[in-house]
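Number 374 in the numbering used here belongs to position 264 of the sequence shown; there are no gaps in the numbering. Data block below; observations after.
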Amino acid sequence: MTMKALMRTVVAATAVTAFVAVAQDDDFDFGDDGAAAAESSDDGEAADGESAEGEAEDGAEDGTEAAEGEETAEARPAKKSGNVKTFFILPYCRMLEGQAEVRKPGAKDWTPIQEGKFYPLGTAYRTLGAGDSLRLQFGPEIEVTVKGAASFGTRAQALDVTSRAIVLQSGTVSVKLPRTAPEGLFEVLAPGFKAFNLAGESRYAYRNTGDGDEAVVRCVTDRLDVEGRHWRIAKMRAADELRIRSSADLLFTGLYGQSGDCTVKLDQGRISVRDFETGETKSEDKFLDWKLSPQTAVRIHRALPALGERMSVTVMTFDELGELKNRCAFAENLVEVNSGELGPVQSKDNADLAKRAAEATESAEGEAEEADGEADEGEAAEGDAGDASGEADGGSNEEDMDF
Numbered sequence: 111m112t113m114k115a116l117m118r119t120v121v122a123a124t125a126v127t128a129f130v131a132v133a134q135d136d137d138f139d140f141g142d143d144g145a146a147a148a149e150s151s152d153d154g155e156a157a158d159g160e161s162a163e164g165e166a167e168d169g170a171e172d173g174t175e176a177a178e179g180e181e182t183a184e185a186r187p188a189k190k191s192g193n194v195k196t197f198f199i200l201p202y203c204r205m206l207e208g209q210a211e212v213r214k215p216g217a218k219d220w221t222p223i224q225e226g227k228f229y230p231l232g233t234a235y236r237t238l239g240a241g242d243s244l245r246l247q248f249g250p251e252i253e254v255t256v257k258g259a260a261s262f263g264t265r266a267q268a269l270d271v272t273s274r275a276i277v278l279q280s281g282t283v284s285v286k287l288p289r290t291a292p293e294g295l296f297e298v299l300a301p302g303f304k305a306f307n308l309a310g311e312s313r314y315a316y317r318n319t320g321d322g323d324e325a326v327v328r329c330v331t332d333r334l335d336v337e338g339r340h341w342r343i344a345k346m347r348a349a350d351e352l353r354i355r356s357s358a359d360l361l362f363t364g365l366y367g368q369s370g371d372c373t374v375k376l377d378q379g380r381i382s383v384r385d386f387e388t389g390e391t392k393s394e395d396k397f398l399d400w401k402l403s404p405q406t407a408v409r410i411h412r413a414l415p416a417l418g419e420r421m422s423v424t425v426m427t428f429d430e431l432g433e434l435k436n437r438c439a440f441a442e443n444l445v446e447v448n449s450g451e452l453g454p455v456q457s458k459d460n461a462d463l464a465k466r467a468a469e470a471t472e473s474a475e476g477e478a479e480e481a482d483g484e485a486d487e488g489e490a491a492e493g494d495a496g497d498a499s500g501e502a503d504g505g506s507n508e509e510d511m512d513f
């Protein structure tokens with residue numbers, strides 16, 4: 111064999127060996143070591159797949175939790191979020207149906223209100239027709255709503271004041287606060303009273319009567335306090351309702367129970383109280399607790415004194431039949447002028463008193479007639495005695511004159 115033929119044989123053998131090696135690689139026939147490597151590779155791929163799936167699931171769960179968190183944040187009351195304030199800096203018109211107008215502080219004319227616009231404190235609001243409604247938002251959970259023709263105003267105040275208030279003018283106004291609102295957060299004002307410490311929903315119907323005003327205050331849910339001069343009702347509860355009438359000069363106040371049972375604390379002036387241990391005498395305010403149930407009433411009359419500034423006051427309570435139950439008269443902050451509790455007076459008592467007075471009068475007249483009769487008899491006896499004496503004197507004279 112020549113050298114050239116030998117070289118061709120070596121090259122061919124090398125090519126066949128390389129082809130066999132490539133075929134074995136394609137068949138994945140690695141023996142025991144190759145199987146272990148393949149299993150390791152499969153496990154690694156499976157682990158990577160599970161890891162990817164886990165990451166995907168974790169991502170999906172995180173996304174779901176995030177979505178749930180967003181929904182919860184939207185559904186969660188604003189008071190639970192530390193970044194949400196109780197009040198906006200200025201109230202704004204959240205909802206308007208129909209026509210409504212505003213008059214800003216210092217302005218003379220009314221202008222149409224715009225939904226979504228903020229208005230300064232001290233602005234007056236009014237709706238014009240029976241089908242109109244307006245909602246004013248003071249904070250995330252504090253709103254004032256009117257339906258039908260009504261008007262009210264916001265109280266002008268400094269921005270650093272932490273409370274808010276509205277002033278009733280006409281119509282029906284509803285106020286809604288969180289049911290867990292703290293005391294002193296919101297007030298509703300009128301000339302003869304104020305409602306405060308509101309929580310939940312309350313409703314106020316207010317009108318001018320010409321000689322004064324009249325308001326119906328209803329606690330729809332939770333609580334509110336209401337007070338005026340010489341009276342206060344603490345903690346009106348759900349469904350409690352009363353009617354308040356005041357004269358234009360505020361010298362008369364009438365409280366009338368409408369529904370529910372609430373206790374009104376009535377002022378009865380100042381009294382002197384002696385401490386038996388120390389012997390000291392001090393003055394303190396006296397009050398009467400009266401349950402203002404339906405059909406019962408309280409009437410407070412005031413009078414301005416001719417001298418000084420201490421008003422004289424008479425407080426009376428009446429039951430559901432209109433009978434006077436309590437009465438007290440006093441001068442403000444003056445211990446020396448206080449009648450104290452005058453006691454209940456009923457029509458039956460008045461009838462008995464009139465009957466006794468009539469009997470006493472008849473008895474007195476009978477005694478007087480008897481006394482007159484006795485007096486007449488005494489005068490007649492005295493006359494007879496005089497005549498007898500005269501006759502005796504006359505006889506004696508005649509005898510004397512007969513010489």
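Glycine included, C-beta positions come from ideal geometry on N, C-alpha and C.
When you compare each of the options to residue i by their alpha carbons, which one comes out closest?
{"i": "Gly294", "options": "Glu225, Val277, Asp335 and Gln247", "result": "Asp335"}
{"i": "Pro288", "options": "Leu244, Thr331 and Arg339", "result": "Thr331"}
{"i": "Tyr202", "options": "Glu387, Glu337, Pro250 and Asp377", "result": "Pro250"}
{"i": "Val283", "options": "Leu444, Ser273, Val271 and Ala325", "result": "Ala325"}
{"i": "Leu238", "options": "Leu200, Phe228, Phe262 and Cys438", "result": "Phe262"}
{"i": "Val254", "options": "Arg274, Asp323 and Leu269", "result": "Arg274"}
{"i": "Ala528", "options": "Ala309, Glu311 and Gly281", "result": "In the structure displayed, the chain extends from 111 to 513; residue 528 sits before or after that span and is not available."}
{"i": "Ser356", "options": "Ser382, Lys396, Ile410 and Thr391", "result": "Ile410"}
{"i": "Gly450", "options": "Arg317, Val383, Leu269 and Glu311", "result": "Val383"}
{"i": "Thr272", "options": "Lys195, Thr363, Lys392 and Tyr314", "result": "Lys195"}
{"i": "Thr361", "options": "Tyr314, Ala315, Arg353 and Arg412", "result": "Residue identity differs from the one stated: residue 361 is Leu in this sequence, not Thr. That would be Arg412, whose Cα lies nearest to the Cα of Leu361."}
{"i": "Ala315", "options": "Val445, Val285 and His340", "result": "Val285"}
{"i": "Asp377", "options": "Ile354, Ala439, Asp429 and Arg353", "result": "Ala439"}
{"i": "Val445", "options": "Ile381, Gln405 and Thr391", "result": "Ile381"}
Just the C-alpha distance for residue i and residue j, rounded to the nearest angstrom, thanks.
{"i": "Asp385", "j": "Pro415", "result": "32 Å"}
{"i": "Gly226", "j": "Gln267", "result": "22 Å"}
{"i": "Leu244", "j": "Arg342", "result": "31 Å"}
{"i": "Ala291", "j": "Leu417", "result": "45 Å"}
{"i": "Thr264", "j": "Val277", "result": "6 Å"}
{"i": "Val327", "j": "Glu351", "result": "6 Å"}
{"i": "Leu246", "j": "Lys435", "result": "44 Å"}
{"i": "Asp394", "j": "Ala407", "result": "The identity of residue 394 in the sequence shown is Glu, whereas the question assumes Asp. In a straight line, the C-alpha of Glu394 is about 26 Å away from that of Ala407."}
{"i": "Gly302", "j": "Thr388", "result": "42 Å"}
{"i": "Ala309", "j": "Ser369", "result": "19 Å"}
{"i": "Lys401", "j": "Leu200", "result": "40 Å"}
{"i": "Gly179", "j": "Met426", "result": "Note that Gly179 scores 37 on pLDDT, short of 50, meaning its location in the model is unreliable; the coordinates nonetheless yield the value given after this. When rounded, the distance between both Cα atoms is 59 Å."}
{"i": "Ala260", "j": "Asn318", "result": "12 Å"}
{"i": "Ser191", "j": "Ala305", "result": "Note that Ser191 scores a pLDDT of 37, beneath 50, so its modelled location is shaky and nothing firm can be said."}
{"i": "Asp399", "j": "Ile252", "result": "33 Å"}
{"i": "Lys218", "j": "Phe197", "result": "28 Å"}
{"i": "Gln279", "j": "Ile354", "result": "15 Å"}
{"i": "Thr424", "j": "Arg236", "result": "38 Å"}
{"i": "Asn443", "j": "Gln209", "result": "50 Å"}
{"i": "Lys392", "j": "Phe428", "result": "31 Å"}
{"i": "His340", "j": "Arg437", "result": "14 Å"}
Please work out which residues of its chain come closer than 8 Å, Cβ to Cβ, to residue i, disregarding the five sequence neighbours upstream and downstream, and give them in chain order.
{"i": "Ala344", "result": "Asp335, Thr373 and Lys375"}
{"i": "Asp321", "result": "Ser357 and Ala358"}
{"i": "Phe397", "result": "Lys375, Leu376, Asp377 and Gln378"}
Using a 10 Å radius around the Cβ and a threshold of 16 neighbouring Cβ atoms, would you call residue i buried or exposed?
{"i": "Met346", "result": "buried"}
{"i": "Gly379", "result": "buried"}
{"i": "Glu297", "result": "buried"}
{"i": "Asp323", "result": "buried"}
{"i": "Val256", "result": "buried"}
{"i": "Gly338", "result": "buried"}
{"i": "Leu431", "result": "exposed"}
{"i": "Thr363", "result": "buried"}
{"i": "Phe248", "result": "buried"}
{"i": "Glu390", "result": "exposed"}
{"i": "Leu269", "result": "exposed"}
Ordered along the chain, which non-local residues of its own chain (more than five positions away) have a Cβ less than 6 Å from that of residue i?
{"i": "Ala525", "result": "Because the chain spans 111 through 513 in this model, residue 525 falls outside it and cannot be assessed."}
{"i": "Ser403", "result": "Gly367 and Asp371"}
{"i": "Met205", "result": "Arg245"}
{"i": "Trp220", "result": "Glu211 and Arg213"}
{"i": "Phe228", "result": "Leu200 and Tyr202"}
{"i": "Glu311", "result": "Lys286, Val330 and Thr331"}
Excluding the five sequence neighbours on either side, which residues of its own chain have a C-beta within less than 7 Å of the C-beta of residue i, listed in chain order?
{"i": "Ala348", "result": "Cys329, Val330, Thr331 and Asp332"}
{"i": "Pro222", "result": "Glu211"}
{"i": "Pro215", "result": "Pro230, Gly232, Thr233 and Ala266"}
{"i": "Glu207", "result": "Asp242 and Ser243"}
{"i": "Ala240", "result": "Gly258 and Ala259"}
{"i": "Arg313", "result": "Thr282, Ser284, Arg328 and Val330"}
{"i": "Gly505", "result": "The pLDDT assigned to Gly505 is 44, lower than 50, so where the model puts this residue is not dependable, and the model offers no usable value."}
Could you tell me which residues DSSP puts in a beta bridge with residue i?
{"i": "His340", "result": "For His340, which the question treats as bridged, DSSP gives no partner whatsoever."}
{"i": "Tyr202", "result": "Phe228 and Gln247"}
{"i": "Ser253", "result": "Looking at the sequence shown, residue 253 is not Ser but Glu. For Glu253, which the question treats as bridged, DSSP gives the partners Gln247 and Lys286."}
{"i": "Phe440", "result": "Val423 and Asn448"}
{"i": "Trp400", "result": "Val374"}
Regarding residue i and the ligand SAH, is the C-beta to nearest heavy atom distance less than 7 Å?
{"i": "Asp350", "result": "No copy of the ligand SAH appears in this structure; indeed no ligand is present at all."}
Does chain D have any CB closer than 8 Å to the CB of residue i?
{"i": "Leu402", "result": "The chain labelled as chain D is not found in the depicted structure, where only one protein chain is given."}
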